[in-house]
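Report on the structure given below.
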Amino acid sequence: MSERILIIEDDRSTARLAEYTLQQAGYEVGIASDGFEGLRKALGEHPDLIILDVMLPGLDGYEICHRLRQKAETANLPILMISAKARKDDKDVGLQVGADEYLTKPVDPSEILARVQALLADKGRIVYGES
Amino acid sequence: MNVTTKIGVLVASALAISLLVQVVFVFPEIRSREFGLQQVRIQAGADTVASEITDFLDDIGYELEELARMPEIKTMDVSQQEKLLSLSVHTSPMLQTVSIGIADINGVVTCLESLKPAVIFSKAEAVGMDISDRDYFECCVSTGATCCSDPFEETPCGLMMAAIAVPVWADDGGVGGVIFAEIPIQTLAGMIEKRHLGEAESVYMVDSEGFVIAESEKDLTRLSGGPFGLDYSSYSVVQGIMAGQSSVGEYEYDGEAHLAAYAVIVPSGWGIVFQKPLEVVMAKSRVLPNFLLGINAAVFVTAVLVALVFARRLTNPIRKLADYARMVERGDYTAALDVKGGDEIAHVSSTIKSMVRQMLAMREKELAAIVNSMKDGLITLDQKQRITRLNPYMEQMLGLRAAEVLNKTVSELEDDPRLAVVARLVQTESPDEEVVLAEPHERVVKVHSSKLKGGGDKDLGEVKVILDVTKERELDQMKSDFIANTSHEVRTPLHSIRGFVKLMLDGKVTDPETQHEFLSIIDEQSQHLSNLVSAILDTSAIESGEMTYAKQPVAMNDVIDKALVKLQSIAEEREIAVEADMPGTLPVVEGDSEKLEQVVTNLVHNAIKFSQKGGKVRVTAEAQNTGVLVQVTDQGSGIPASAIPLLFQKFFRVHGSMPWASSGTGLGLYIVKQIVEAHGGQVWVESKLGEGSTFSFRLPLSGNDKNQ
Chain W
0 MSERILIIED
10 DRSTARLAEY
20 TLQQAGYEVG
30 IASDGFEGLR
40 KALGEHPDLI
50 ILDVMLPGLD
60 GYEICHRLRQ
70 KAETANLPIL
80 MISAKARKDD
90 KDVGLQVGAD
100 EYLTKPVDPS
110 EILARVQALL
120 ADKGRIVYGE
130 S
Chain P
0 MNVTTKIGVL
10 VASALAISLL
20 VQVVFVFPEI
30 RSREFGLQQV
40 RIQAGADTVA
50 SEITDFLDDI
60 GYELEELARM
70 PEIKTMDVSQ
80 QEKLLSLSVH
90 TSPMLQTVSI
100 GIADINGVVT
110 CLESLKPAVI
120 FSKAEAVGMD
130 ISDRDYFECC
140 VSTGATCCSD
150 PFEETPCGLM
160 MAAIAVPVWA
170 DDGGVGGVIF
180 AEIPIQTLAG
190 MIEKRHLGEA
200 ESVYMVDSEG
210 FVIAESEKDL
220 TRLSGGPFGL
230 DYSSYSVVQG
240 IMAGQSSVGE
250 YEYDGEAHLA
260 AYAVIVPSGW
270 GIVFQKPLEV
280 VMAKSRVLPN
290 FLLGINAAVF
300 VTAVLVALVF
310 ARRLTNPIRK
320 LADYARMVER
330 GDYTAALDVK
340 GGDEIAHVSS
350 TIKSMVRQML
360 AMREKELAAI
370 VNSMKDGLIT
380 LDQKQRITRL
390 NPYMEQMLGL
400 RAAEVLNKTV
410 SELEDDPRLA
420 VVARLVQTES
430 PDEEVVLAEP
440 HERVVKVHSS
450 KLKGGGDKDL
460 GEVKVILDVT
470 KERELDQMKS
480 DFIANTSHEV
490 RTPLHSIRGF
500 VKLMLDGKVT
510 DPETQHEFLS
520 IIDEQSQHLS
530 NLVSAILDTS
540 AIESGEMTYA
550 KQPVAMNDVI
560 DKALVKLQSI
570 AEEREIAVEA
580 DMPGTLPVVE
590 GDSEKLEQVV
600 TNLVHNAIKF
610 SQKGGKVRVT
620 AEAQNTGVLV
630 QVTDQGSGIP
640 ASAIPLLFQK
650 FFRVHGSMPW
660 ASSGTGLGLY
670 IVKQIVEAHG
680 GQVWVESKLG
690 EGSTFSFRLP
700 LSGNDKNQ
């Protein structure tokens with residue numbers, strides 16, 4: 000069973016780019032296009048990793064991340080933030096609310112894939128104790 | 000030299016001149032008059048004594064002459080003579096102190112009578128005595144006149160005597176004998192010795208040879224050796240007497256300069272010297288000048304003192320005036336000037352005071368005009384850190400009245416929570432400190448502090464100029480927000496473009512359908528990027544005021560038609576029906592048709608983006624009294640009421656339930672508002688969540704503008 004990744008991203012083309020890249024790599028990809036939908040799916044669909052935008056309709060990415068970290072079942076869920084917000088402050092906030100990675104657009108598809116694989120590998124180590 | 004000293008010196012020099020004149024001209028005159036008076040007094044003394052003795056001798060001579068004419072004497076009958084002489088001595092007062100004798104032509108004394116035998120030798124001793132060799136006898140016989148002798152020592156008694164002899168004429172016309180009187184010198188000396196003399200005055204009598212007969216201070220008759228031992232003939236005054244003169248002269252007597260008057264006793268050729276030490280005379284003559292000098296000195300001192308006191312009273316107000324002027328010069332305009340009285344100085348004082356007052360009032364008026372017109376805040380403090388001024392702009396900035404803080408100290412202000420902000424402003428120390436004001440509006444102000452210096456670097460307090468830099472700070476914030484936002488806006492399409500380009504370059508996308516999809520996205524994102532750049536440039540132009548409008552008469556029908564044509568393909572792609580509803584002709588508006596087309600395009604494009612697939616967008620235009628109204632209505636999700644006030648701001652985007660349509664620049668509506676307002680129009684929106692929104696704008700008629 001392939002790992003499932005949830006993309007919470009309101010920009011259609013950005014979401015599509017990640018979706019295609021990850022699908023090509025064999026992941027199962029879900030998309031949520033606003034904050035509320037994203038939070039609901041993150042809690043309900045038990046994804047293995049979340050790619051999270053910051054500027055979102057409804058709840059923003061920081062809020063979602065913060066709430067996910069509050070819940071036990073998602074406290075250790077790998078979260079990769081990808082945002083156009085490029086200021087250092089923005090990145091600091093992202094890491095403070097619990098994101099594992101904070102990438103600033105533009106990001107190459109290969110890098111997104113690499114980060115996702117790395118985060119999933121880390122998660123595997125923690126869960127299964129594998130190297 | 001101050002005025003008081005000057006007046007003192009003036010009075011002193013006037014008095015000094017007066018004194019000098021007195022000393023040089025008046026005093027010598029007074030002295031010489033005094034000296035003259037002294038001379039006269041001495042002269043009178045000498046004359047009086049001389050004439051007394053002359054009278055005495057003359058009287059005796061006269062008595063003798065009377066007797067000589069008596070027949071009893073002429074007969075030269077001794078008994079007859081004795082009787083008469085005895086009678087005379089007892090009856091004539093003049094003859095009571097002398098001895099009277101008669102000698103015959105041979106100089107033999109025939110008889111002699113005296114009242115005081117104790118004084119004169121006895122009759123027995125005298126009779127038969129030969130006096131033929133005595134000078135008075137010889138003189139009398141040879142000249143036939145009354146003769147007087149110099150003093151001589153009478154042999155029998157050893158007393159000093161002087162004698163007067165008168166001839167007794169015989170019937171034949173020749174001298175038959177001599178009747179003579181011998182006078183004791185003591186009698187004459189008594190006339191001198193008993194004189195009441197003035198201070199230091201002395202008098203003496205000399206005989207015709209210059210020998211002293213009597214002297215007021217010494218009993219010469221009792222001197223051993225007799226008076227002949229004292230020869231004064233070397234004295235100039237005595238020589239004058241010996242020459243038969245009466246006069247006044249100065250000479251040295253007893254080693255001391257004397258002023259002396261001398262007078263001749265005519266019958267005997269003797270003389271009287273009445274003298275006084277020159278020193279004493281001079282001293283006497285100096286008494287009055289010295290007295291006057293003393294009075295002058297007293298007057299001098301008194302006058303100068305009075306002048307000084309008076310001058311002080313005179314200059315006191317002037318000094319006060321000068322002090323006042325100095326205070327004003329130093330900037331202390333509140334100095335007191337208290338000059339009373341009705342004189343010119345009081346008048347000048349009150350004039351100066353009112354001049355300063357007026358000057359101050361004028362200065363204050365001018366200053367107030369400047370300060371009140373300032374578009375920056377201003378607070379001034381005095382040297383005790385009390386608020387002295389707070390201008391209207393500052394009142395406005397702080398939302399309080401100047402009267403509430405005037406004359407209050409910093410600590411007083413700190414106690415009042417409403418006024419504490421003023422204390423904070425005035426306590427700034429660095430020259431350009433920034434303070435954030437919370438009330439009544441949040442403001443950032445910059446406080447410039449500078450010290451106020453008066454004359455002589457006197458501390459007059461401090462001036463605080465408070466610049467409202469809120470706008471600048473906001474602008475700074477806006478600028479950095481703008482940059483962050485634009486970079487953010489650019490990154491998103493760039494991310495997609497790059498990402499899809501990479502995917503395709505990798506050659507892994509082989510499916511033609513997918514390739515087409517990706518290329519369409521790239522195209523769409525490029526278009527978006529391009530729109531974004533245009534919108535950013537427009538915004539930048541609007542904000543810097545560089546946006547230009549080529550205004551000309553515009554028909555809004557054409558503008559709307561053109562915009563709709565351009566948007567046709569997008570509308571079709573989204574399956575949105577765009578309807579236009581407008582009259583065939585609309586009133587002409589004045590405007591830039593390209594910019595107005597952009598307004599319509601932005602509004603309609605937004606309407607399409609926020610509509611559901613298959614939805615409807617309606618564009619209407621109508622003429623109104625004052626302009627043309629254009630409205631764009633969609634059936635989208637609507638806009639939350641909270642977002643409406645922010646809708647026309649830069650980079651504001653509503654994140655609604657239409658995620659796929661939300662990719663925008665955030666600048667569209669901002670640009671719409673700016674363009675409409677640049678045309679003198681208004682833009683607004685009405686919206687209901689779930690039902691849709693209507694964006695409206697109204698442009699004024701060009702004709703209206705011109706006709707009205």
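Listed in order, the protein sequences are those of chains W and P.
The first sequence begins at 0 in numbering that gives the first Met the number 0 and counts up by one.
The second sequence begins at 0 in numbering that gives the first Met the number 0 and counts up by one.
Note that CB positions come from ideal geometry on N, CA and C, so glycine has one too.
A quick note: this is a predicted structure, and the numbers were derived from the prediction, not measured.
Under DSSP, the alpha helix (DSSP H) around residue i begins and ends at which residues?
i: methionine 546(P); result: Here methionine 546(P) belongs to no alpha helix (DSSP H), and DSSP marks it neither H nor E.
Provide the residue(s) that pair with residue i in DSSP beta bridges, ordered along the chain.
i: tyrosine 250(P); result: His257(P)
i: leucine 229(P); result: Answer is none; leucine 229(P) lacks a bridge partner.
i: arginine 388(P); result: Thr379(P)
i: tyrosine 101(W); result: Met80(W)
i: valine 553(P); result: Val588(P)
i: serine 449(P); result: Val462(P)
When the distance is taken between beta carbons, is residue j closer than 7 angstroms to residue i?
i: glycine 460(P); j: leucine 380(P); result: yes
i: lysine 450(P); j: leucine 466(P); result: no
i: aspartate 33(W); j: glycine 57(W); result: yes
i: isoleucine 101(P); j: phenylalanine 273(P); result: no
i: phenylalanine 651(P); j: glycine 635(P); result: no
i: alanine 74(W); j: arginine 68(W); result: yes
i: valine 404(P); j: leucine 418(P); result: yes
i: glutamate 36(W); j: arginine 3(W); result: no
i: isoleucine 638(P); j: serine 695(P); result: no
i: isoleucine 78(W); j: threonine 20(W); result: no
i: alanine 302(P); j: valine 10(P); result: yes
i: alanine 570(P); j: lysine 615(P); result: no
i: valine 108(P); j: valine 126(P); result: yes
i: alanine 164(P); j: glutamate 181(P); result: no
i: aspartate 580(P); j: alanine 606(P); result: no
i: glycine 268(P); j: valine 205(P); result: no
With a threshold of 7 angstroms between beta-carbons, can residue i be considered close to chain W, or not?
i: glutamine 526(P); result: no
i: isoleucine 520(P); result: yes
i: glycine 691(P); result: no
i: lysine 608(P); result: no
i: arginine 573(P); result: no
i: threonine 509(P); result: no
i: histidine 487(P); result: yes
i: leucine 666(P); result: no
i: proline 658(P); result: Because proline 658(P) carries a pLDDT of 39, less than 50, the predicted location of this residue cannot be relied on, and no value is offered for it.
Which bits of chain W does residue i rub up against, with CB to CB less than 8 angstroms?
i: histidine 440(P); result: Here the premise fails: no neighbours, minimum Cβ distance about 27 angstroms.
i: leucine 502(P); result: Leu16, Tyr19, Thr20, Pro108
On the DSSP letters alone, give me the boundaries of the beta strand (DSSP E) that residue i sits inside.
i: isoleucine 101(P); result: 98 to 103
i: phenylalanine 179(P); result: 174 to 183
i: leucine 602(P); result: First-last for leucine 602(P): 592 to 608, but that is the alpha helix (DSSP H), not the beta strand (DSSP E).
i: methionine 159(P); result: 159 to 168
Is any beta-carbon of chain P found at less than 7 angstroms from that of residue i?
i: proline 108(W); result: yes
i: leucine 112(W); result: no
i: lysine 90(W); result: no
i: lysine 40(W); result: no
i: alanine 31(W); result: no
i: threonine 13(W); result: yes
i: aspartate 47(W); result: no
i: aspartate 10(W); result: yes
i: alanine 83(W); result: yes
For a contact meaning CB atoms closer than 7 angstroms, what does residue i contact in chain P?
i: arginine 86(W); result: Ala483
i: leucine 16(W); result: Ser495, Gly498, Phe499
Quick one: list the residues of chain W neighbouring residue i, beta-carbon separation under 9 angstroms, in chain order.
i: threonine 387(P); result: The premise fails here: threonine 387(P) is roughly 46 angstroms from chain W at the closest Cβ pair, so nothing lies under 9 angstroms.
Taking C-beta pairs closer than 8 angstroms, name the residues in chain P that residue i reaches, listed in chain order.
i: glutamine 23(W); result: Lys507
i: lysine 104(W); result: Arg490, Thr491, Leu493, His494
At 9 angstroms on the CB atoms, spell out the chain P contacts of residue i, in chain order.
i: alanine 98(W); result: Within chain P, no residue comes near alanine 98(W); the closest Cβ sits about 18 angstroms away, beyond 9 angstroms.
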